[in-house]
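The working numbering applies: residue 22 is where the sequence shown begins, and numbers increase by one.
Working notes for the structure below.
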Amino acid sequence: MQDGDKRYKEEEEDRRIAIGDYDVLDSPGEVIRPGDEPRPAPAYVSLTIIGLCVAMLIVTGLLVPPLAYVLGFSPGMGLVFPGIITHMFVHANTYHLLGNMLVLYFLGTAIEQRYGAWRFVALYFAAGLLAALAQAAVAPDELMVGASGALAGVMAAFVRHYPRTMLYLYALIPIPAWLFIVLWLGYNLVGAGGALKTQIAFVAHLGGFAAGMLLSLMLEPPRFVKA
Numbered sequence: 022m023q024d025g026d027k028r029y030k031e032e033e034e035d036r037r038i039a040i041g042d043y044d045v046l047d048s049p050g051e052v053i054r055p056g057d058e059p060r061p062a063p064a065y066v067s068l069t070i071i072g073l074c075v076a077m078l079i080v081t082g083l084l085v086p087p088l089a090y091v092l093g094f095s096p097g098m099g100l101v102f103p104g105i106i107t108h109m110f111v112h113a114n115t116y117h118l119l120g121n122m123l124v125l126y127f128l129g130t131a132i133e134q135r136y137g138a139w140r141f142v143a144l145y146f147a148a149g150l151l152a153a154l155a156q157a158a159v160a161p162d163e164l165m166v167g168a169s170g171a172l173a174g175v176m177a178a179f180v181r182h183y184p185r186t187m188l189y190l191y192a193l194i195p196i197p198a199w200l201f202i203v204l205w206l207g208y209n210l211v212g213a214g215g216a217l218k219t220q221i222a223f224v225a226h227l228g229g230f231a232a233g234m235l236l237s238l239m240l241e242p243p244r245f246v247k248a
């Protein structure tokens with residue numbers, strides 16, 4: 022019995038990673054807790070994307086407003102390239118940008134530090150691309166801008182690894198990540214069904230989330246410990 026406990030503890034330690042000031046265990050239901058482990062390398066990709074998005078809002082909002090249209094994605098309007106990629110860096114306004122960048126800063130940096138830069142790049146941009154294609158399939162004439170499709174993929178990876186980590190609904194109400202995602206998915210399903218008349222790309226969110234979950238499973242397959 023003691024040998025079994027020792028082996029379990031060793032395997033648990035092997036799966037321990039550091040994220041900022043937090044300690045994360047790679048097992049279902051684990052919670053990110055404060056720890057004394059060394060800080061990992063900064064999440065350069067996430068921080069770079071944030072910087073580019075902020076710079077793009079300044080350029081398109083103040084300096085060259087028509088550029089937002091050119092860099093958007095809309096196959097029906099003939100805006101395919103480079104919009105299939107550049108739309109992820111363009112945002113409609115400050116509030117649109119702020120909401121997305123908060124998700125990228127708090128969730129994206131955690132996933133980047135877990136996966137490493139190159140795997141995070143693959144997850145982020147593949148989810149964003151597939152999200153855009155999903156939205157274009159149902160609304161090809163709409164102009165799509167924003168990083169939310171790519172971030173939906175990041176959210177899928179985060180909830181897969183850290184379902185019990187507390188997130189803040191409306192920045193006020195603490196709830197576990199799994200419940201936050203359930204509510205978010207419900208909202209997007211209702212919106213995709215046409216019940217909500219807004220300019221939100223609900224199908225892109227759902228497509229990005231599904232893509233992100235599949236990509237997460239491919240990039241870091243589940244590991245099973247023999248009893």
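Note that the Cβ used here is the ideal one computed from N, Cα and C, for glycine as well.
Computed from a predicted model, the values in this text were never measured in an experiment.
For residue 65, the enclosing alpha helix (DSSP H) covers residues 65–79. Bridge pairing for residue 202: absent [DSSP].
Take the alpha-carbon of residue 105 and the one of residue 166: they are about 10 Å apart. Distance from residue 225 to residue 155 at the Cβ level is roughly 6 Å; contact confirmed, criterion being Cβ atoms closer than 8 Å. Following the DSSP letters along the chain, one finds residue 191 in no beta strand (DSSP E), marked with neither H nor E. Counting the other CB atoms within 10 Å of its CB gives residue 81 a total of 16 or more, which places it among the buried residues.
If the five residues before and after residue 74 are omitted, its C-beta is found closer than 7 Å to the C-beta atoms of 110, 112, 118, 122 and 168, all from its own chain and listed in chain order. Just so you know, the alpha carbons of residue 68 and residue 232 end up roughly 22 Å apart. Under DSSP, residue 94 forms a beta bridge with 165.
The Cβ atoms of residue 151 and residue 212 do not sit closer than 9 Å to each other. A contact is defined here as three or more CB-CB pairs under 8 Å, and the stretch 133–149 fails this definition with respect to the stretch 196–206. In the three-state reduction of the DSSP assignment, residue 100 falls in the strand class, which pools E and B.
When the beta-carbon positions are compared, residue 76 and residue 133 stay at least 9 Å from each other. A straight-line Cα-Cα distance of about 20 Å links residue 208 and residue 185. The Cβ neighbour count for residue 130, taken over all protein chains shown within 10 Å, is at least 16; the residue is labelled buried. Between residue 204 and residue 139, the alpha-carbon positions lie close to 30 Å from each other.
Boundaries of the alpha helix (DSSP H) around residue 121: 115–124. If you compare the alpha carbons of 188, 100, 125 and 153 with that of residue 71, the shortest gap goes to 125.
Going by C-alpha positions, residue 157 is about 15 Å away from residue 103. Residue pairing by DSSP leaves residue 86 without any beta bridge partner. Only exposed fits residue 244, as fewer than 16 other CB atoms lie within 10 angstroms of its CB.
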